[in-house]
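Student: Count the sequence shown with our numbering and you get residues 56 to 666, in order. Note that beta-carbon positions come from the ideal geometry of N, C-alpha and C, so glycine has one too. Note that the structure is predicted; figures quoted are calculated from it, not measured. Got a structure here, written out as structure tokens. Questions coming.
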Amino acid sequence: MCGIVGYLGHQDALRVIVSGLEKLEYRGYDSAGIARLEDGEIKVSRAMGKLEVLKKALGDRLNTGNSNIGIGHTRWATHGKPSENNAHPHTAGRISLIHNGIIENYMELRDVLSKQGRSFNSETDTEIAAHLIDSFVQAGKSPFEALKAACNEIRGSYAFLAIDKENPDRILVAKNATPIVIGFAEGEVIIASDIPAVLEITRDIIILEDGDLAEVMLSSIHIENNGETVERAAQRITWDPVTAQKGGFKHYMMKEIHEQVVVAAETFRGRMNMESAQVTLPELDSFSNTVKDIERIVLIACGTAWHACLLAKYYIEDFAGIPCEVDYASEYRYRRPIFDEKTLIVSISQSGETADTLGAIELVRNVSKTLAVCNVLGSTLTRRVDYTLYTHAGPEISVASTKAFTTQLVAVYLLAMFIGQQRTSIDTERSHKLLDGLLKLPTALDAALQTDSEILEVAKAFHTAKDFLFLGRGTCFPIALEGALKLKEISYIHAEAYPAGEMKHGPLALIDESMPVVVVLQRSTALFEKTLSGLREAHARAGKIIAITDNDNISELTNICDHVIEVPFINEEVSPIVLNIPLQLLAYHVSVLNGTDVDQPRNLAKSVTVE
Numbered sequence: 056m057c058g059i060v061g062y063l064g065h066q067d068a069l070r071v072i073v074s075g076l077e078k079l080e081y082r083g084y085d086s087a088g089i090a091r092l093e094d095g096e097i098k099v100s101r102a103m104g105k106l107e108v109l110k111k112a113l114g115d116r117l118n119t120g121n122s123n124i125g126i127g128h129t130r131w132a133t134h135g136k137p138s139e140n141n142a143h144p145h146t147a148g149r150i151s152l153i154h155n156g157i158i159e160n161y162m163e164l165r166d167v168l169s170k171q172g173r174s175f176n177s178e179t180d181t182e183i184a185a186h187l188i189d190s191f192v193q194a195g196k197s198p199f200e201a202l203k204a205a206c207n208e209i210r211g212s213y214a215f216l217a218i219d220k221e222n223p224d225r226i227l228v229a230k231n232a233t234p235i236v237i238g239f240a241e242g243e244v245i246i247a248s249d250i251p252a253v254l255e256i257t258r259d260i261i262i263l264e265d266g267d268l269a270e271v272m273l274s275s276i277h278i279e280n281n282g283e284t285v286e287r288a289a290q291r292i293t294w295d296p297v298t299a300q301k302g303g304f305k306h307y308m309m310k311e312i313h314e315q316v317v318v319a320a321e322t323f324r325g326r327m328n329m330e331s332a333q334v335t336l337p338e339l340d341s342f343s344n345t346v347k348d349i350e351r352i353v354l355i356a357c358g359t360a361w362h363a364c365l366l367a368k369y370y371i372e373d374f375a376g377i378p379c380e381v382d383y384a385s386e387y388r389y390r391r392p393i394f395d396e397k398t399l400i401v402s403i404s405q406s407g408e409t410a411d412t413l414g415a416i417e418l419v420r421n422v423s424k425t426l427a428v429c430n431v432l433g434s435t436l437t438r439r440v441d442y443t444l445y446t447h448a449g450p451e452i453s454v455a456s457t458k459a460f461t462t463q464l465v466a467v468y469l470l471a472m473f474i475g476q477q478r479t480s481i482d483t484e485r486s487h488k489l490l491d492g493l494l495k496l497p498t499a500l501d502a503a504l505q506t507d508s509e510i511l512e513v514a515k516a517f518h519t520a521k522d523f524l525f526l527g528r529g530t531c532f533p534i535a536l537e538g539a540l541k542l543k544e545i546s547y548i549h550a551e552a553y554p555a556g557e558m559k560h561g562p563l564a565l566i567d568e569s570m571p572v573v574v575v576l577q578r579s580t581a582l583f584e585k586t587l588s589g590l591r592e593a594h595a596r597a598g599k600i601i602a603i604t605d606n607d608n609i610s611e612l613t614n615i616c617d618h619v620i621e622v623p624f625i626n627e628e629v630s631p632i633v634l635n636i637p638l639q640l641l642a643y644h645v646s647v648l649n650g651t652d653v654d655q656p657r658n659l660a661k662s663v664t665v666e
């Protein structure tokens, strides 16, 4: 989720680009860089760390620059560690380029380009794109035709901005599965990955669509898609800059809830071969040599990531047939846990800086193999473990985790399949079904987001309640736990979760007409009827029941539930990921109605870096 800004116009490009990148700092980044054309040459400045470091490196040039065209970038590392060498822009011959996204076939393209005699200065996938475009330019194609030819070779997600030193009057743009907007005003054009960066220059924008390629000049904006010239309607933005940073949403949390459709796809993109039904995780290639020796897996984490561990246990035991345990990192390190060289320790952390998780890994790392599922490349956790599987959630600003949790679930689903396939515990037919379910996940998540208005009505009915009870069975129990945590985190209402089968062992005593009961009820041959039986008992005690379900036969539910929220069904394995969305929306709306601080709830921090 990098920040991208390009500028062409009568102002100094350096100052405009730096200002635009500052408006995108909320996205998070580890390095920054700018390329501009000065005196017929491409000048590149890059720096590790915050924009202040880059500004110091630029020095007086920020005030005395004379370039009217340039591109700038803040990088969130995905390929290659955070370093100045890996920072964008990347330059090859005449072309300098910045990129947001992931090039799936970059190793294949790198091999082809190497055979042409090209050498590389970074570990990134982005540098490949710069070389590819330059190779077509050197072969005689125009810059725009070279961009088209390069994009035909590239698989993956991308937003590219490129400049050509031989054509200082244009910026090349390509968009696929990653956002880009073009802002235009009298005598200047600004291009960015997000709207806040353009508002200082203009409120008139064009939003590019997937497959769009654009050649942007002051006199014209030429756009093609699939070889045909297309027009994209201009829009006028009425948001203020602060609202724009939140994508038009009132809070970062709601923006991040809606981003789950994209980041779920980013996390599985390039990691599964539908033709062979194989999960391909290049970052775990060396792990595949030892995976057959593993006899036991221990999953450790804190908070929301611990709930991801619970679902990972279901997936790994089901797909791979390996016994799993789940431990709180804060508990694991303060007892005498049993682990050996045949134990795999899997830690899950959004930030990679959670103190208790790091402490637990320190305890085992000299004996057991260790693997992290993490969102932040180069974080402390990823440097301490043997293997890392990255999620691609991008920066998450709101303290309450939403999109990071969803990408963790996608990642552990893939990890469980990978282990199962390496151990031949899962056959091709089932692999096809499981991967097909994952492929359909983004569409189902988008449909689940459409329950927002229904959830708002539920929130209005129950936001004054003092307590909530959440219930779930099987793979939905971790989702019930997560739903209860989200509600208590941001609304400050007491909420707890139980396995639905345990209701008669205590929680039933709490249920009366003042107690909302939220049940996560998936379409399951084994569990649906059993859960329904328990709900009838809650209904008999005047409990207010809210059902979140993917079962299309809801007639029995409507007889005993006050509210029934339906989401699409894909398969039982993916189902809990989809069912989680309405619970996030419920916590959000209850919090807003109660006037609490949604993005920064009291007493909580985004990353718990102390014990």
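Cα separation between G120 and E139?
Tutor: Mapped onto the sequence shown, residue 120 falls at position 65. Mapped onto the sequence shown, residue 139 falls at position 84. About 22 Å.
Student: Between the Cα of S53 and those of F323, S275 and R116, spot the shortest distance and give me the residue it belongs to.
Tutor: This structure gives no information on residue 53, because the portion of the chain shown stretches from 56 to 666.
Student: Is the beta carbon of I355 sitting closer than 9 Å to the one on I312?
Tutor: Within the sequence shown, the letter at position 300 stands for residue 355. Within the sequence shown, the letter at position 257 stands for residue 312. Contact: no.
Student: Please name the residue in N123, N141, S122 and I124 whose C-alpha comes closest to that of R130.
Tutor: One-based indexing of the sequence shown puts residue 130 at position 75. Checked all of N123, N141, S122 and I124; the closest Cα to R130 is N141.
Student: Check whether the Cβ atoms of L638 and F525 sit closer than 9 Å, and answer yes or no.
Tutor: For this step, residue 638 is matched to residue 583 along the sequence shown. For this step, residue 525 is matched to residue 470 along the sequence shown. Yes. Within cutoff.
Student: Taking three-plus beta-carbon pairs below 8 Å as touching, is the segment 324-335 in contact with the segment 355-373?
Tutor: Cβ pair count under 8 Å is below three, so no.
Student: Would you check if the distance between the CB atom of I403 and the CB atom of R439 is smaller than 9 Å?
Tutor: Indexing the sequence shown from 1 puts residue 403 at position 348. Indexing the sequence shown from 1 puts residue 439 at position 384. Contact flag unset, no.
Student: Please report the straight-line C-alpha distance between F532 and C357, rounded to a whole angstrom.
Tutor: Taking the sequence shown and counting its residues from 1, the one referred to as residue 532 is at position 477. Taking the sequence shown and counting its residues from 1, the one referred to as residue 357 is at position 302. About 17 Å.
Student: Three-state secondary structure (DSSP) at F304?
Tutor: Locating residue 304 in the sequence shown gives position 249, counting from the first residue. Coil, per DSSP.
Student: For the segment 390-399 against the segment 497-514, are there 3 or more C-beta pairs whose distance is under 8 Å?
Tutor: The segment 390-399 vs the segment 497-514: no contact.
Student: Alpha carbon to alpha carbon, what distance is there between V573 and P392?
Tutor: Counting from 1 along the sequence shown, the entry for residue 392 is found at position 337. Counting from 1 along the sequence shown, the entry for residue 573 is found at position 518. Cα-Cα distance, rounded: 35 Å.
Student: Return the residue from the list V645, S610, A535 and L582 that minimises the CA-CA distance to V575.
Tutor: Taking the first residue of the sequence shown as position 1, residue 575 is located at position 520. Closest by alpha carbon: A535.
Student: Tell me the residue span of the beta strand (DSSP E) that contains E544.
Tutor: The count along the sequence shown starts at 1 and reaches residue 544 at position 489. Not the beta strand (DSSP E): E544 falls in the alpha helix (DSSP H), residues C531 to S546.
Student: What span of residues does the alpha helix (DSSP H) with V73 cover, start to end?
Tutor: Position 18 of the sequence shown, counted from the first residue, corresponds to residue 73. Taken as a continuous stretch (DSSP letters only), the alpha helix (DSSP H) holding V73 covers A68 to E77.
Student: Ordered along the chain, which non-local residues of its own chain (more than five positions away) have a Cβ less than 6 Å from that of F175?
Tutor: By 1-based counting over the sequence shown, the position of residue 175 is 120. Within the same chain, F175 has close Cβ partners E182.
Student: Among L92, I235 and S453, which one has its Cα closest to the Cα of Y81?
Tutor: Along the sequence shown, one-based indexing puts residue 81 at 26. Selected option, being the one with the closest Cα: S453.
Student: Please classify R225 as buried or exposed, where buried requires at least 16 neighbouring CB atoms within 10 angstroms.
Tutor: Stepping through the sequence shown from its first residue, residue 225 is reached at position 170. Looking at its Cβ environment, which holds 16 or more other Cβ atoms inside 10 Å, R225 is buried.
Student: In its own chain, which residues sit with a C-beta less than 6 Å from the C-beta of A503, not counting the 5 before and 5 after it?
Tutor: As a first step, residue 503 must be located in the sequence shown, where it is residue number 448. Correct list, in chain order: V622, V633 and I636.
Student: Could you tell me which residues DSSP puts in a beta bridge with M103?
Tutor: Along the sequence shown, read from residue 1 onward, the residue named residue 103 stands at position 48. Paired residues: S86.
Student: Is it buried or exposed, D654, if we count other Cβ atoms within 10 angstroms and call 16 or more buried?
Tutor: Counting from one through the sequence shown, the residue named residue 654 turns up at place 599. With 16 or more Cβ atoms within 10 Å of its Cβ, D654 is classed as buried.
Student: Shortest alpha-carbon distance to K111 belongs to which of D94, L563 and G88?
Tutor: Translated into the one-based positions of the sequence shown, residue 111 becomes position 56. Of D94, L563 and G88, the residue nearest in Cα terms is G88.
Student: Pull up the distance between the alpha-carbon of Q171 and that of A132, whole angstroms please.
Tutor: As a working note, residue 171 is residue 116 in the sequence shown. As a working note, residue 132 is residue 77 in the sequence shown. Their backbone Cα atoms lie some 27 Å apart in a straight line.
Student: Less than 8 Å between the CB atoms is what I'm expecting for G433 and P234, so what's the real figure, rounded?
Tutor: In the sequence shown, the residue the question calls residue 433 occupies position 378. In the sequence shown, the residue the question calls residue 234 occupies position 179. Rounded, the Cβ-Cβ distance is 25 Å, inconsistent with contact.
Student: Where L365 and P378 are concerned, what is the direct C-alpha to C-alpha distance, given to the nearest angstrom?
Tutor: Mapped onto the sequence shown, residue 365 falls at position 310. Mapped onto the sequence shown, residue 378 falls at position 323. Between L365 and P378, the C-alpha separation is close to 13 Å.
Student: Assuming the contact rule is C-beta atoms closer than 8 Å, L418 and E338 should be a hit. Round their C-beta distance to whole Å, please.
Tutor: For this step, residue 418 is matched to residue 363 along the sequence shown. For this step, residue 338 is matched to residue 283 along the sequence shown. 24 Å between Cβ atoms; not a contact.
Student: Whose C-beta lies closer than 7 Å to the C-beta of I150 among residues of the same chain, with five residues either side of it excluded?
Tutor: Residue 150 sits at position 95 when you count from the first residue of the sequence shown. For I150, where only same-chain residues beyond five positions count, the Cβ hits under 7 Å are A185, I188, D189, V192, A217 and D219.
Student: What are the boundary residues of the beta strand (DSSP E) that G125 is part of?
Tutor: Here residue 125 corresponds to residue number 70 of the sequence shown, with the count starting at 1. Here the beta strand (DSSP E) through G125 covers I124 to R130.
Student: Buried or exposed: where does N421 fall if 16 or more other Cβ atoms within 10 Å of its Cβ makes it buried?
Tutor: The count along the sequence shown starts at 1 and reaches residue 421 at position 366. So N421 ends up on the exposed side.
Student: Between the C-alpha atoms of R101 and S86, what's the straight-line distance to the nearest angstrom?
Tutor: For the purposes of this step, residue 101 is taken as the residue at position 46 of the sequence shown. For the purposes of this step, residue 86 is taken as the residue at position 31 of the sequence shown. Roughly 8 Å separates the two Cα atoms.
Student: Taking just the CA atoms, how far does P450 sit from N701?
Tutor: The displayed coordinates of the chain run from 56 to 666. Any statement about residue 701 would go beyond what the structure contains.
Student: Comparing alpha-carbon positions, which option in V108, I246, I158 and V647 lies nearest G58?
Tutor: Position 3 of the sequence shown, counting from 1, holds the residue named residue 58. Residue I246 is the option with its Cα nearest to G58.
Student: Determine which residues share a DSSP beta bridge with T398 and list them.
Tutor: Along the sequence shown, read from residue 1 onward, the residue named residue 398 stands at position 343. In DSSP, T398 forms a bridge with R351.
Student: Could you tell me which of E321, Y62, G95 and K301 sits nearest to A459, measuring between CA atoms?
Tutor: Walking along the sequence shown from the start, residue 459 turns up at place 404. The residue with the shortest Cα to Cα distance from A459 is E321.
Student: In three-state terms, what does DSSP make of N121?
Tutor: By 1-based counting over the sequence shown, the position of residue 121 is 66. The answer is coil: DSSP assigns N121 none of H, G, I, E or B.
Student: Rank F583, R351 and V619 by C-alpha distance to the C-alpha of E372 and give the top, closest one.
Tutor: Working through the sequence shown from its first residue, we reach residue 372 at position 317. Here the closest residue by C-alpha is R351.
Student: Using a Cβ distance threshold of 8 Å, determine whether the segment 296-303 contacts the segment 278-288, with at least three qualifying pairs required.
Tutor: At 8 Å Cβ cutoff, the stretches do not touch.
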